[in-house]
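Worksheet: one structure, shown below.
Protein chains in written order, with UniProt numbering: chain A, 1 to 219; chain B, 1 to 219.
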């Protein structure tokens with residue numbers, strides 16, 4: 001049995017972040033698919049909720065010395081991986097720079113992604129009766145509002161990746177968000193720094209192997 | 001001039017988190033009020049956006065050796081404070097426990113708070129024409145969905161605070177969320193662990209002095 005097990009769904013962009021982080025660290029892991037749509041969402045089934053009461057993906061299970069450590073929330077998982085498997089690091093060394101990385105990643109993880117999550121889009125349709133085109137506008141509104149700020153924030157890296165020549169925590173959050181934005185037809189031309197950073201990452205094996213379409217549960 | 005400046009709004013629960021963290025560390029700071037409602041929101045004015053393109057509160061400015069480090073996102077600020085001013089710590093020492101704290105804090109910061117943020121409630125009203133009672137239901141739905149999971153997650157602390165006898169990162173996120181939930185009349189009786197933890201914290205000076213009502217800009 002693998003030491004690390006990731007409960008994941010191919011299109012979950014939070015799970016995608018963790019797959020990138022695991023690959024960047026060269027960590028082997030077993031993947032268990034949790035289908036976010038089938039049967040009203042397997043993440044809401046008792047078997048999964050017992051492991052992760054948050055009812056969201058991803059969940060990492062670290063099997064250490066016969067004990068199981070279960071960790072919810074993609075950013076908590078990435079911080080854990082960086083603490084337990086520190087080489088290669090995913091965060092810069094200097095506190096001020098670590099803070100810039102976290103602030104950009106958190107802007108994506110708090111202020112863009114949760115608003116456009118499947119469960120929220122579903123609530124908009126079913127509970128509030130929001131029509132499809134208004135829902136698309138909602139989606140694009142939060143993407144653009146977030147990416148505009150991230151574009152400005154990336155200036156601090158001066159055309160480099162967040163770890164100089166290497167990607168890390170920041171790119172693990174940014175690339176899945178760009179993937180989502182493209183999926184929902186957001187025009188990204190106004191974000192040259194984001195596009196350049198993402199293009200560099202998408203060419204790397206760690207990112208290629210984390211991409212939604214190549215996951216075992218992709219349909 | 002103070003070494004630390006916090007751009008804050010008395011009722012911003014993200015700013016409230018950072019005020020708690022600063023107080024727990026015994027750090028002096030200067031507070032600058034950014035009014036989230038007046039004139040369409042001072043956080044959207046060019047003067048503030050230039051400092052923080054995310055256009056959200058809080059923002060911490062650390063004046064170190066004549067240089068200014070500007071940090072957005074409450075959780076990035078708390079991580080920074082814990083790295084730069086490590087005593088007293090806000091996170092447990094053990095990685096698995098640090099991960100549990102972060103996972104609970106992130107569930108609040110990602111999956112509850114941003115959905116109920118002022119800018120989102122405003123979008124629901126003005127762009128989607130959502131009526132007040134449906135908006136209240138939306139608010140309470142995400143609060144209950146989040147707090148239910150947090151209540152279960154707190155079991156790991158076995159009736160203690162996240163640092164044993166001391167509060168830290170977790171309580172800095174939980175207490176403002178409970179404050180918000182009460183403000184919007186959410187019934188919290190189903191969450192005894194949350195209520196007990198919050199009650200212990202609210203009796204402490206660090207939390208009392210961070211409370212919205214005692215801030216200089218409170219009205």
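Beta carbons are placed, not taken as given, at the ideal position from N, Cα and C, and that holds for glycine. These numbers were taken from a predicted model, which means no experiment stands behind them.
- DSSP places residue 54(A) outside any beta strand (DSSP E), giving it a letter other than H or E.
- The beta-carbon of residue 68(A) is placed no less than 8 Å from the nearest beta-carbon of chain B.
- Its chain contains 109 as the residues whose beta carbon lies nearer than 6 Å to that of residue 75(B), once the 5 sequence neighbours on both sides are disregarded; these appear in chain order.
- Per the coordinates, the alpha-carbon of residue 81(B) lies some 44 Å from the alpha-carbon of residue 219(A).
- Neighbours of residue 98(A) in chain B, taken as residues at a C-beta separation under 9 Å, are given in chain order as 76, 79, 80, 83.
- Secondary-structure assignment with DSSP links residue 71(B) through a beta bridge to 60(B).
- Neighbours of residue 87(A) across chain B, judged by C-beta separation under 7 Å, do not exist; the nearest C-beta is about 15 Å away.
- Taken through DSSP and simplified to helix, strand or coil, residue 32(B) comes out as strand.
- Residue 8(B) carries a strand assignment under DSSP once its states are collapsed to helix, strand and coil.
- Against chain A, the CB of residue 37(B) has no partner CB under 8 Å away; the residue lies outside that interface.
- Assignment of residue 204(A) by DSSP, reduced to helix, strand and coil, places it in the coil class.
- Not one beta carbon of chain A lies nearer than 8 Å to the beta carbon of residue 20(B).
- Of the other Cβ atoms in all chains shown, 16 or more fall within 10 Å of the Cβ of residue 34(A); this residue is therefore buried.
- For residue 160(A), no alpha helix (DSSP H) encloses it, and the DSSP letter there is neither H nor E.
- Comparing C-alpha distances from residue 37(B) to each of 89(B), 64(B), 113(B), 117(B) shows the shortest one belongs to 117(B).
- Listed along the chain, the chain A residues whose CB falls inside 8 Å of the CB of residue 195(B) amount to none; the nearest CB is some 18 Å away.
- Within a 10 Å sphere around the beta-carbon of residue 209(B) sit fewer than 16 other beta-carbons, which makes this residue exposed.
- Of all residues in the region 117-132 of chain B, only 117, 119, 120, 123, 124, 127, 128, 130 place a beta-carbon less than 9 Å from a beta-carbon of chain A.
- Within the region 84-151 of chain B, the runs of alpha helix (DSSP H) at least 4 residues long that lie entirely inside it are, in chain order, 95-111, 118-126.
- According to the DSSP assignment, residue 171(A) belongs to the alpha helix (DSSP H) that extends over 169-183.
- Taking a contact to require three or more Cβ pairs closer than 8 Å, the region 7-15 of chain B and the region 55-72 of chain B qualify as touching.
- Residue 72(B) has a beta carbon lying within less than 8 Å of a beta carbon in chain A.
- Interface residue (Cβ-Cβ distance to chain A less than 8 Å): residue 43(B) is not classified as such.
- Using a Cβ-Cβ cut-off of 8 Å, residue 4(B) does not count as an interface residue toward chain A, since no Cβ of chain A sits closer than that to its own.
- In this structure, residue 21(B) sits near residue 90(B), with a CB-CB distance shorter than 8 Å.
- Straight-line spacing of the CA atoms in residue 123(A) and residue 149(B) works out to 19 Å.
- In the displayed model, residue 26(B) falls within coil according to three-state DSSP, outside both helix and strand.
- Sequence-ordered contacts of the region 53-68 of chain B with chain A read 53, 54, 55, 56, 60, 62, 64, 67 [C-beta pairs closer than 9 Å].
- In this model, residue 73(A) and residue 105(B) are separated by some 9 Å (Cα to Cα).
- CA-CA distance, residue 87(A) to residue 101(B), rounds to 23 Å.
- Taking a 10 Å sphere around the C-beta of residue 187(A), we find fewer than 16 other C-beta atoms and assign the residue as exposed.
- Under the three-state reduction of DSSP output, residue 48(A) falls in the helix class.
- The beta carbon of residue 167(A) is closer than 6 Å to those of 161, 201 in its chain, skipping five residues each way along the sequence.
- Along the region 144-167 of chain B, the positions whose C-beta sits under 9 Å from a C-beta of chain A are 145, 146, 148, 149, 150, 151, 152, 153, read in chain order.
- Residues of chain B with a Cβ closer than 7 Å to the Cβ of residue 114(A) are, in chain order, 110, 111, 114, 115.
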